[in-house]
Amino acid sequence: MHALFVTTSASQLAPDHPTGLWLEEFAVPYMAVTAAGIAVTVASPRGGAVPLDPKTAPDDEQRQRWQPALQALQHSVPLADVAAQTFDALFLPGGHGPMVDLAHDATLHALIARHDAAGKLIAAVCHGPAGLIHARRADGQPFLQGRRVTGFTNAEEFLARLKDVVPFLLEDEMKARGADFHSALLPLLSHVEEDGNLITGQNPRSSEDVAALLVKRLTAR
């Protein structure tokens, strides 16, 4: 089994608003997937070291516990270098960075379409689904159309005080692409949706549940 984790390369959301990957959303699934014996390749649009959102800088305990994940983030491969490969799963962690680059990355969208047509697992958490909004199925239909999903909500963006900073509201954009969007009754609680080969998590607190489901689905194959 081999999974491709696709992270952002974006380090700036807007002037005076640095961004990047939200570490927990990468590290928790990375540690769970690799512990299950599943190989992981980490890719990003530009390759190299992946920028972390400053708000998610690890403390000493996390740095020790997530050391393999942090090491993997220092050496991501350019996404174009793996565009022709096939993986058992694609996973898109969040942070606001994906709204800047993955949302508009044609290489990623082609990978998603090809893997979706083959029935491969596709998973995303928090703002990771930004990489799905402009993707299309092999027949040209929006990737999200009719699919039951979740992602970072408008209410959560408001609570993060970034509602007027982000380039778009993820919940609104997912719904505009025909998604059947669901979320937890209260903001910031873990919530995961599963629809066929697609797994989505609402926010950082969903990272562990997304990871567990991804491992369960991969190891059952």
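Take 2 as the starting number for the sequence shown in our numbering and just add one per residue. For glycine and all other residues, C-beta sits at the position ideal for the given N, C-alpha and C.
First through last residue of the beta strand (DSSP E) which encompasses residue i
i	result
residue 91	90-93
residue 43	40-45
residue 36	Careful: residue 36 lies outside any beta strand (DSSP E), inside the alpha helix (DSSP H) at 24-36.
residue 15	13-15
residue 196	193-196
residue 213	Note, residue 213: premise wrong, no beta strand (DSSP E); alpha helix (DSSP H) at 208-220.
residue 4	3-7
CA-to-CA distance, residue j to residue i, given in whole angstroms
i	j	result
residue 154	residue 136	20 Å
residue 71	residue 111	28 Å
residue 204	residue 189	7 Å
residue 18	residue 29	25 Å
residue 145	residue 172	12 Å
residue 100	residue 83	21 Å
residue 140	residue 218	26 Å
residue 113	residue 196	15 Å
residue 158	residue 164	5 Å
residue 161	residue 40	34 Å
residue 13	residue 106	16 Å
residue 33	residue 66	12 Å
residue 46	residue 221	30 Å
residue 74	residue 53	9 Å
residue 225	residue 156	For residue 225 there is no data in the structure shown, the boundaries of the chain being 2 and 222.
residue 166	residue 85	35 Å
residue 37	residue 9	25 Å
Bounding residues of the alpha helix (DSSP H) (the contiguous stretch that carries residue i)
i	result
residue 202	Per DSSP, residue 202 belongs to no alpha helix (DSSP H); it is in the beta strand (DSSP E), 199-202.
residue 156	155-160
residue 76	No alpha helix (DSSP H) holds residue 76; DSSP gives it neither H nor E.
residue 110	107-118
residue 171	171-177
residue 101	98-101
residue 66	61-66
Neighbour-count burial assignment, residue i, 16 or more Cβ in a 10 Å radius
i	result
residue 58	exposed
residue 60	exposed
residue 27	buried
residue 148	buried
residue 102	buried
residue 116	buried
residue 182	buried
residue 88	buried
residue 62	exposed
residue 76	exposed
residue 94	buried
residue 24	buried
residue 215	buried
Sequence-distant residues of its chain with Cβ nearer than 7 Å to residue i (five each side left out)
i	result
residue 109	7, 80, 103 and 132
residue 175	130, 134, 145, 150, 152 and 182
residue 206	189, 190 and 191
residue 64	71
Same chain only: Cβ atoms within 6 Å of residue i, ignoring 5 sequence neighbours per side
i	result
residue 202	126, 193 and 211
residue 78	44 and 48
residue 2	39, 89 and 219
residue 91	5, 116 and 123
residue 15	166
Sequence-distant residues of its chain with Cβ nearer than 8 Å to residue i (five each side left out)
i	result
residue 198	117, 120, 121, 122 and 123
residue 55	19 and 21
residue 200	122, 123, 124, 125, 193, 194, 211, 214, 215 and 218
Contact between the stretch 198-211 and the stretch 118-127 (3+ Cβ pairs under 8 Å): The stretch 198-211 vs the stretch 118-127: in contact.
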